[in-house]
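Below is one structure, written out as structure tokens; the observations come after it.
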Amino acid sequence: MAPKRTEAISKEKILQALEDADTTFLKEDPLGTDMVLNMGPQHPATHGVLRILLRLDGETIIKAVPEIGYLHRGYEKLAENMTFHEFIPHTDRLDYLAPLSNNVAFVLAVEKLAGLEIPERAKYLRVICCELARISSHLVWLGSMAMDVGALTILLWAFREREKLYDIFDVLTGVRFTTSYTRIGGLAQDMTEQCEKMIWEFIDQFPEKLQECEALLNKNRIFIERCDGVGVISKEEAIDIGLTGPALRACGVEYDIRRADPYLIYDQLDFRVAVYDGGDSLARYYVRIQEMRESVKIVRQALEKIPKGPIKAAEPKQVLPDKERVYTKMEELIHDFMVVNFGINPPIGEIYRAIESPKGELGFYIISDGSGNPWRLKIRSPSMVNIQALPILLKGQMISDVVAIIGSLDPVMGEADK
Amino acid sequence: MDEMKEKVLEKLNEHFKHSILSTSEFRGELTVVIKKEDIVRVCEFLKVDEELHFDLLEDLTGVDMFTPSDRFQVVYHLYSLKNKYRLRLKVHVDERDLRAPTVSGVWSTANWHEREAYDMFGIIFEGHPDLRRLYMPEEFEYYPLRKDFPLMGIPGSLLLPKK
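Protein chains in written order, with this note's numbering: chain F, -5 to 412; chain S, 3 to 165.
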């Protein structure tokens, strides 16, 4: 029987992390301005169960130590004990603001491992999914970010637009939130004409609505002053700490996986990678707004070009057959049974595949031992790495900016904690 | 991509001929297994070299291969923003000696990744500035991603708040 340890140990260790050589000179504190503040994990404005310990000098932050893990569900362990197909619904719960792009990222990794090539129509549909998910995720960010600095109207307007997107997801995938839309080698179901019409309607009216939101913010003195020059990170620091996604592009680094390592059909599409200099909250705001416009452009191109045809690869040993055929045909019944019970058995090997998710680089590193379950599945989650940059962003800032800076980074704890 | 791969191998062979244990390729991804004690030197070289310039450490993780010797691996995914090329490095860590050198001095992002690998596999990164558990509470005594840790968990291993 191991000796029982107490909670005191972990408290002590966290405080040790806070008091390093840079900060301990403040121990001699005749005016009593030195303070340690615990923010979260249950704080309405930390965008999830994120805990931050702040060491303050008056209202200025000297050091911040983020603590994560309050939503840790052990998805990597779970993945080792289930087949690749069974893990798809779990990817919905990673970045729960953009489940569709998680679905796509995971199946792309598995398809790379198994060496599967998917039909053209499925590629186009996946691109449409990814970009709509990006818009919906950025809309939540826009609303909550504006709310963090005191503009409540934007929240309502952004959520109104997001609601239209969720109606589209409802028709496209059958559910609004936890979509699980992709399948290994294809998609769960085809896009209907009604759905196509809805997407057209959405992208036709969305740029105008985005313009309305921008009109309220771009020249808003309170918004600009709360964002301009707040939460600054330099280009070198950003690369060193591993920032990806909009936060990295706001530092002037043109790194977008859609361009750098194109997947699906991104190399055939015309879009601009949004890059801004500055590395502050305002630059991150501009990058995301620009990205939403580019996403609309991408969806428009994909809808114009989308070919007719199958949405699943013709690989019966690895791709789940259609349900109606399973019920009527012997062959498909056998394949369905084998794929569901024993998995797709990709070859022995290891791969890493990343996509540009709304938060940054979402990658899956899979080691296969040739069986139906992955031997090891590592999720490279952008939120976790981005949160690591918080101490740099927060240093020297005021306590009232903490929430706005977290908001500008847009972390989702479901993904950070896995 | 192929010329980049040859360049990486050529440079590594030139400077670290005796540090490389093996190289392999699968689906166009290059994996180089490095001796544990040389990993920091290799990483520093790959980062600062003008031509290769692997400036972004995308990912660092542990793996439990569950073999009698060299049970654990630490896997590094390096990315060169300039060359748009990804390289995978690996070191083997034996169960009897769970120490591995830290690369957090080369890329700061390794800090949390190494904490995660320590949390999940118990690999001790020597020289790490703040080696605490990342996800699990500090009182937790097991390493959950090891293959011998049961999926259902161990009853009583997590302290629950008193009512």
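Ideal placement from N, C-alpha and C gives every residue a C-beta, glycine not left out.
The structure presented is a predicted model; accordingly, all values stated were derived computationally and were not measured.
Listed as beta-bridge partners of F/Val143 by DSSP are no residues whatsoever. With 16 or more other Cβ atoms inside 10 Å of its own Cβ, F/Pro352 counts as buried. Below the 8 Å Cβ cutoff, chain F contributes Gly63, His66 as neighbours of S/Met138, in chain order. Among the CB atoms of chain S, one or more fall inside 8 Å of the CB of F/Gln382. Put simply, the stretch 364 to 378 of chain F does not touch the stretch 110 to 118 of chain F. Fewer than three CB pairs are less than 8 Å apart. Close partners of S/Asp57 in chain F (Cβ separation under 7 Å): Ile233. In this structure, S/Ile126 places its C-beta atom within 8 Å of the C-beta atom of S/Leu100.
Here S/Val50 is exposed. Its C-beta has fewer than 16 other C-beta atoms within 10 Å. Annotation: Cβ neighbours of S/Asp132 in chain F (cutoff 7 Å, chain order): Ala11.
Contacts with chain F at 8 Å (Cβ-Cβ) do not include S/Arg98. Counting C-beta atoms within 10 angstroms of its own C-beta, S/Asp150 has fewer than 16 neighbours from the protein chains shown and is therefore classed as exposed. Secondary-structure assignment with DSSP links S/Val76 through a beta bridge to S/Gly64, S/Val93.
Following the DSSP letters along the chain, one finds S/Phe123 in no beta strand (DSSP E) but inside the alpha helix (DSSP H) bounded by residues 112 to 123. Across the set F/Met139, F/Val104, F/Ala92, the C-alpha of F/Ala92 shows the shortest separation from the C-alpha of F/Leu126. Within the same chain, and ignoring the five residues on either side of F/Val267 in sequence, the residues whose Cβ sits closer than 6 Å to its Cβ are Glu248, Asp250, Arg253. Here F/Asp89 is buried, its C-beta having at least 16 other C-beta atoms within 10 Å. Put simply, the stretch 133 to 147 of chain F touches the stretch 209 to 221 of chain F. At least three CB pairs are less than 8 Å apart. Uninterrupted alpha helix (DSSP H) stretches at least 4 residues long and entirely within the stretch 84 to 143 of chain F occur at 93 to 108, 114 to 142, given in chain order. The bridge partners DSSP lists for F/Arg347 are F/Phe358. At least 8 Å separates the beta-carbon of F/Ile178 from that of F/Val98. Residues of chain F whose Cβ lies closer than 7 Å to the Cβ of S/Asn85 do not exist; the shortest such Cβ separation is about 10 Å. If you look at S/Glu31, you'll find it in the beta strand (DSSP E) that goes 31 to 36.
With a cutoff of 8 Å on beta-carbon distance, F/Leu211 and F/Ala116 are scored as not near each other. Within the same chain, Ala244, Ala277, Tyr280, Val281 come within 6 Å of F/Tyr270 by CB-CB distance, once the 5 residues on both sides are set aside. In chain order, His84 place their CB closer than 7 Å to the CB of F/Leu72, counting only its own chain and leaving out the 5 sequence neighbours on each side. Measuring C-alpha to C-alpha distances from F/Phe336 to each of F/Leu371, F/Lys57, F/Asn75 identifies F/Asn75 as the nearest.
Around S/Thr111, the beta-carbon contacts reaching into chain F at under 8 Å are Asp234, Ile235, Gly236, Val379, Gln382.
For the pair F/His66 and F/Lys291, the CB atoms are not nearer than the 8 Å cut-off. Its chain contains His41, Leu149, Gly401 as the residues whose beta carbon lies nearer than 8 Å to that of F/Ser138, once the 5 sequence neighbours on both sides are disregarded; these appear in chain order. When Cβ-Cβ separations below 8 Å define contact, S/Phe18 makes no contact with chain F. Within the stretch 139 to 196 of chain F, the complete alpha helix (DSSP H) runs of at least 4 residues fall at 146 to 167. The stretch 340 to 349 of chain F and the stretch 220 to 234 of chain F do not touch, with fewer than three beta-carbon pairs separated by less than 8 Å. Contact holds between the stretch 106 to 118 of chain S and the stretch 375 to 382 of chain F, because three or more Cβ pairs, one in each stretch, are under 8 Å apart. In this structure, F/Asp161 is the residue among F/Asp161, F/Gly225, F/Asp184, F/Asp222 with its C-alpha nearest to the C-alpha of F/Glu195.
S/Thr104 sits in coil when the DSSP states are folded into three classes, being neither helix nor strand.
The beta carbon of F/Arg294 sits no closer than 8 Å to any beta carbon of chain S.
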